[in-house]
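Only one structure is covered here, and it is reproduced in the block below.
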Amino acid sequence: MSRAEVLPSGAGSGTLRAPSPLWAFGLFRSELVTTFRRWRTIALLAVLAAVPILIGVAIRIETSDGSSAGGGGGEGPAFIAQITNNGLFLVFTALAATLPFFLPMAIGVIAGDAIAGEANAGTLRYLLVAPAGRTRLLLTKYATTMTFCLVATLVVAASALAVGALLFPLGELTTISGTRISFAEGLGRALLIALVVAASLLGVAALGLFISTLTNSGIAAMATTVGLLITVQILDQIPQLHALQPYFFSHYWLSFADLMREPVYWDDLFRNLELQALYAAVFGSAAWARFTAKDITA
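Numbering (this note's numbering) for the sequence shown: 146 to 443.
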């Protein structure tokens, strides 16, 4: 792009004026409003909110004759065995059920469309005419995607908590280690688990943003991101690849179950967060390198 194209409206031919931090906040707010007003975003959040409702109703129907809901020892979906005793376990079950596919797919759709969707709609060039700069715009897009990660995770958790409170009893709960904790402490751990799940999606968000800079087709970027997500999840289940699996972004996703131990087992949780930070740094840098050198024609 030429130097004149990045000048704000009404600017003269003198020196470029750096955008103020308040302007940057305005751009972020505008991106948030645009993203969360789209019908696609609303539909994704509605689907995520419906998953805990379906799980809760199914368990309520299954256990109406006094039988137990499944079994297991406590990791991931095995929390389902505890739901009839305490509705708070529906939060953990819903997050475990949505994390392998539904939540990453939603993040992949938002991240994949971030740059490619603007290019496809012909609005990317106009965004860069404003005094944003490519780096600032890319950071804003990533911050918006990360905000969606948090909102989507909290929607699942809030829906599960509401359904759990309506259909099942609440009260003290038993951790994976067998100790008893108060409902207030359990609620705090549920919130911490939701935050960890949101942080677990930062690598997917960076990967989707990078793919979004490679094409001008939002649909192609979204499909590629979701396709890679499914591929990595399949590879993570093949025993012959056990040496590579600890480096897959999805490998430690269900480590959030360790927050329900007493004491909390932090090793896999930290490995997960370190891995997400590594993916965010690598693919974020790749997205920046690609986007700052890209010829914007739309």
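Quick reminder that beta carbons are idealized off the backbone N, C-alpha and C, glycines included.
Is the Cβ-Cβ distance between residue i and residue j less than 8 angstroms?
i: residue 206; j: residue 350; result: no
i: residue 339; j: residue 302; result: yes
i: residue 287; j: residue 354; result: yes
i: residue 175; j: residue 258; result: no
i: residue 196; j: residue 229; result: no
i: residue 233; j: residue 335; result: yes
i: residue 328; j: residue 312; result: no
i: residue 226; j: residue 295; result: no
i: residue 235; j: residue 200; result: yes
Looking at C-alpha atoms only, which residue of the options is the closest neighbour of residue i?
i: residue 192; options: 439, 297, 335; result: 297
i: residue 204; options: 238, 194, 179, 187; result: 238
i: residue 172; options: 272, 248, 434; result: 272
i: residue 246; options: 346, 186, 437, 323; result: 346
i: residue 401; options: 177, 317, 280, 321; result: 321
i: residue 264; options: 313, 342, 250, 361; result: 361
i: residue 94; options: 182, 421, 284, 348; result: Residue 94 lies beyond the residue range present for the chain, which begins at 146 and ends at 443; the question has no answer from this structure.
i: residue 293; options: 249, 432, 381, 383; result: 249
i: residue 363; options: 348, 185, 330, 178; result: 185
i: residue 432; options: 348, 409, 387, 388; result: 348
i: residue 291; options: 181, 411, 409; result: 181
i: residue 399; options: 381, 389, 289; result: 381
i: residue 439; options: 389, 209, 359; result: 359
Does DSSP classify residue i as helix, strand or coil?
i: residue 318; result: strand
i: residue 325; result: strand
i: residue 265; result: helix
i: residue 332; result: helix
i: residue 409; result: coil
i: residue 388; result: coil
i: residue 382; result: coil
i: residue 246; result: coil
i: residue 360; result: coil
i: residue 393; result: coil
i: residue 228; result: coil
Within a Cβ cutoff of 6 angstroms, which residues of the same chain sit near residue i, ignoring the five residues on either side of it in sequence?
i: residue 254; result: 367
i: residue 304; result: 194, 197
i: residue 397; result: 413, 416, 417
i: residue 137; result: Lying before the first or after the last residue shown, residue 137 is absent from the chain, which here runs from 146 to 443.
i: residue 310; result: 232
Taking the alpha helix (DSSP H) that residue i belongs to, which residues open and close that run?
i: residue 424; result: 412-438
i: residue 291; result: 279-312
i: residue 354; result: 347-357
i: residue 207; result: 184-207
i: residue 129; result: Not covered by the structure: residue 129. The range shown for the chain is 146 to 443.
Give every residue of the same chain whose Cβ lies closer than 7 angstroms to the Cβ of residue i, excluding the five residues on either side of it in the sequence, and list them in chain order.
i: residue 370; result: 253, 256, 257, 352, 353, 356
i: residue 190; result: 297, 300
i: residue 378; result: 245, 395
i: residue 409; result: 403
i: residue 386; result: 380
i: residue 434; result: none
Among the residues of its own chain, which have a CB less than 8 angstroms from the CB of residue i, if the five just before and after it don't count?
i: residue 337; result: 404
i: residue 392; result: 420
i: residue 324; result: 407
i: residue 315; result: 231, 232, 233, 309, 328
i: residue 428; result: 348, 351, 352, 354, 355
Looking at the ligand COA, does it come within less than 7 angstroms of residue i, judged from the CB to the closest heavy atom?
i: residue 338; result: No copy of the ligand COA appears in this structure; indeed no ligand is present at all.
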